[in-house]
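Under full-length UniProt numbering, the first residue of the sequence shown carries the number 1, and numbering increases by one thereafter. Note that the Cβ used here is the ideal one computed from N, Cα and C, for glycine as well. Source: prediction; values computed, not measured.
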Amino acid sequence: MLEIDEKALSLLEKSSRFDKYSNITCWKEEHNSLPIYIFSIELDKENDLENIWEKVNNDIALYFQSEIENEVSRWNIYIFFLVKGNVRPIIKYKIEQDKYCARKIVLDNYMHQENISECIEKRLFRLGIQEEVINNEESLLEKISQKNGELVKIIKLNSDIKIIAQQYLEVQK
């Protein structure tokens with residue numbers, strides 16, 4: 001569960017530019033005893049994003065990332081730019097492909113319908129992979145029977161793998 005990290009924000013306040021993006025929040029999530037830091041900032045339009053993303057990124061690198069002692073945690077930082085307006089794909093691409101300091105994610109047409117922590121958790125931690133149930137035993141037997149019907153008969157008559165292997169080898173002689 002994401003929790004707000006006030007200590008991280010206090011480090012950013014050292015920047016002379018902090019007042020330009022003071023609506024930033026830092027979230028922290030522990031995974032395998034290592035913290036993941038996620039900054040989020042809400043912006044009105046693409047122009048605001050273009051004017052501020054590098055400043056935010058550089059300040060996080062200088063005032064926050066440089067203070068993290070654990071090497072893994074130092075590179076486990078994300079910045080979410082939540083833009084209410086539309087952002088052109090070329091701008092999104094430019095920002096998201098920049099790997100300096102943190103992984104950046106631009107979400108445009110963001111209407112604050114869900115709370116920010118929920119939005120971040122969905123994007124980073126809930127993969128939404130649908131579990132698919134496959135009857136492997138039946139599928140495997142069908143595949144084996146296509147190649148070797150005798151082996152399937154032996155398998156169905158025995159449950160001990162040693163007996164199955166022995167009888168199969170006898171049939172193959």
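- prompt: Residues in its own chain within less than 8 Å of residue 144 by CB, not counting five upstream and five downstream?
  reply: Exclusion of the five residues before and after residue 144 leaves 151, 152, 155 as the residues of its chain whose Cβ lies within less than 8 Å of its Cβ.
- prompt: Would DSSP call residue 171 helix, strand or coil?
  reply: In the structure shown, residue 171 sits in a helix (DSSP, three-state: H, G or I).
field: Distance between residue 97 and residue 49 (C-alpha atoms, nearest Å)
entry: Near 15 Å, if we compare the C-alpha coordinates of residue 97 and residue 49.
Opposing strand residues paired with residue 81 [DSSP bridges]: DSSP lists 41, 106 as the beta-bridge partner residues of residue 81.
- prompt: CB residue 86 to CB residue 70, shorter than 8 Å?
  reply: At a Cβ-Cβ threshold of 8 Å, residue 86 and residue 70 do not count as neighbours.
message: For residue 172 and residue 147, I'd like the C-alpha separation in whole angstroms.
response: Rounded to whole angstroms, residue 172 to residue 147 spans 13 Å at the Cα level.
query: residue 27 bridges to which residues according to DSSP?
result: Partner(s): 4, 38.
query: Closest by CA to residue 58, which one among 90, 95, 43?
result: Among 90, 95, 43, the Cα nearest to that of residue 58 belongs to 95.
field: Beta-carbon gap between residue 27 and residue 3 smaller than 8 Å
entry: Yes; because the gap between Cβ atoms is below 8 Å, this pair is in contact.
task: Report yes if the CB atom of residue 29 is closer than 8 Å to the CB atom of residue 83, and no otherwise.
output: No, the Cβ-Cβ distance between residue 29 and residue 83 is not below 8 Å.
- request: Measure the alpha-carbon distance for residue 88 versus residue 36 and round it to whole angstroms.
  value: Residue 88 and residue 36 have their C-alpha atoms some 28 Å from each other.
message: For a test of the three-state rule: what should DSSP assign to residue 21, helix, strand or coil?
response: In the structure shown, residue 21 sits in a helix (DSSP, three-state: H, G or I).
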